[in-house]
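Residue numbers (the UniProt record's numbering): 1 to 355. Glycine is no exception: its CB is placed at the ideal position from the N, C-alpha and C atoms. Since the model is a prediction, treat every value here as computed from it, not as a measurement. Data block below; observations after.
This is the structure in structure tokens:
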């Protein structure tokens, strides 16, 4: 999905008079099935306030607009990438479809499936959250549906500990009672706070990841990175181009390194390059002053016709090399490290094809 496509699909939220429904994802114990419970907000000031809050948030965070529809000068120019392109860059949102991954680059958490369930059902199909039966402590996330006619979007909002204010920490002013306008007492029920922040979006059978750290830490993606990183390392070992892989063996157990390493796949172009050509490139890739080359860190051992990686810095360099991130400008001859790569294409022909 392109960024322009997502913006087009979400435009109804800021252009039309939408309605809001709030749901709780309820699971008393980790082994229990998840239940979607609807919150009864019909006709309340709370419902109107939440509608305004989330519309405003989508305007600012997604469309970079203020309440009047004007561009926010200090807004974030975010990018949208497929989850298999995940990296450490800031201001990037990710997406993946609601179907099994063909290249095993992602999985669909069971909690995400509830967004699809909600999309396909009506408000009346779900039971009400009942304080006499249910506990707020057993709610682990909120789903917010924004819709009008046949257009809808589901927002997923994780519940954090500070979203529930316990009765032992909340004082209520008894201003509604005559003679008690300055008297406080403890609130006798927990209070629920719902901010305008949301973590994921489900629209048109696609998941949009705004909070990638939450996805990684809570929904098994860190474990996936470690598994995929180990697979990539085994593939590198099979090519037998390193003297030893001790440093890589140690680093691949760390999520940040595994995320980089897992991009080295079986069709890796650099690993198909002859050793002599790789050595020549390492010698030629130098700092601007020409005094220091990449070959100083990724050393070539002639007797074994292999490379030596002995430090973490060298390991990071080696992975960048395999991911083809070391580039030399044809125009200025200057060396660059490219975290993002985009193929050069004939956009003129593409424009003709779409006409």
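Item to complete: Kindly provide the ranges of any beta strand (DSSP E) runs that are 3 or more residues long and lie completely inside the stretch 91-173, ordered along the chain.
Response: 92-97, 139-148, 151-158 and 171-173
Discussion item. So, with DSSP's three-state summary, where would you put residue 177?
Written reply: For residue 177, the pLDDT reaches just 49, beneath the cut-off of 50, and the residue's location in the model is therefore unreliable, although a value from the coordinates is still provided. Residue state, collapsed to three classes: coil.
Worksheet item: Who does residue 80 pair with in a DSSP beta bridge?
Response: 93
Worksheet entry | Chain-order list of residues whose beta-carbon lies under 6 Å from that of residue 264 (same chain, five-residue window excluded) | 232 and 322
Practice prompt. Check residue 65 in the structure and name its three-state DSSP category.
Written response: strand
Discussion item. Just verifying my parser: in three-state terms, what is the DSSP assignment at residue 182?
Written reply: Because residue 182 carries a pLDDT of 49, less than 50, the predicted location of this residue cannot be relied on, and no value is offered for it.
Discussion item. Going by DSSP in three states, residue 200 sits in which element: helix, strand or coil?
Written reply: strand
Discussion item. What residue range does the beta strand (DSSP E) around residue 257 cover?
Written reply: Careful: residue 257 lies outside any beta strand (DSSP E), inside the alpha helix (DSSP H) at 255-261.
Item to complete: Mind checking which residues open and close the alpha helix (DSSP H) that includes residue 11?
Response: 3-15
Worksheet item: Between which two residues does the alpha helix (DSSP H) containing residue 229 stretch?
Response: 221-239
Item to complete: Report the residue from 216, 132, 256 and 21 whose alpha carbon sits nearest the alpha carbon of residue 146.
Response: 21
Discussion item. Does residue 34 come out as helix, strand or coil in the three-state DSSP assignment?
Written reply: coil
Fill in: Residue closest to residue 201, alpha-carbon to alpha-carbon, out of 313, 35, 293 and 119
119
Worksheet item: Is the distance from the Cβ of residue 144 to the Cβ of residue 155 below 7 Å?
Response: yes
Item to complete: Determine, using beta carbons only, whether residue 226 and residue 276 come nearer to each other than 7 Å.
Response: no
Discussion item. Taking only three categories from DSSP, how would you classify residue 206?
Written reply: strand
Discussion item. On the criterion of 16 or more Cβ atoms from any shown chain inside 10 Å, does residue 199 qualify as buried, or is it exposed?
Written reply: buried
Discussion item. Taking the alpha-carbon of residue 150 as reference, which of 1, 293, 16 and 85 has the nearest alpha-carbon?
Written reply: 16
Fill in: residue 294 burial status per 10 Å Cβ neighbour count (16 or more: buried)
buried
Worksheet item: Which residues bound the alpha helix (DSSP H) around residue 25?
Response: First-last for residue 25: 19-26, but that is the beta strand (DSSP E), not the alpha helix (DSSP H).
Worksheet item: On the three-state DSSP scale, how would you describe residue 55?
Response: helix
Worksheet item: By Cβ distance, which residues of its chain are closer than 8 Å to residue 315, with the 5 residues on each side in sequence left out?
Response: 247, 248, 251, 257 and 309
Fill in: residue 279: first and last residue of the uninterrupted alpha helix (DSSP H) it sits in
275-284
Worksheet item: What span of residues does the beta strand (DSSP E) with residue 308 cover, start to end?
Response: 306-308
Worksheet item: I think residue 65 touches residue 72, with their Cβ atoms under 8 Å apart; what is that distance to the nearest whole Å?
Response: 7 Å
Worksheet item: Taking the C-alpha atoms as reference points, what is the distance between residue 270 and residue 91?
Response: 29 Å
Worksheet entry | Length of the line joining the Cα atoms of residue 104 and residue 96 | 12 Å
Discussion item. Less than 8 Å between C-beta atoms, sequence neighbours within five positions excluded: which residues of the same chain meet that for residue 334?
Written reply: 288 and 328
Item to complete: Pull up the distance between the alpha-carbon of residue 305 and that of residue 267, whole angstroms please.
Response: 22 Å
Discussion item. Let me confirm a value: residue 131 is counted as buried when at least 16 other C-beta atoms fall within 10 Å, else exposed. Which label applies?
Written reply: exposed
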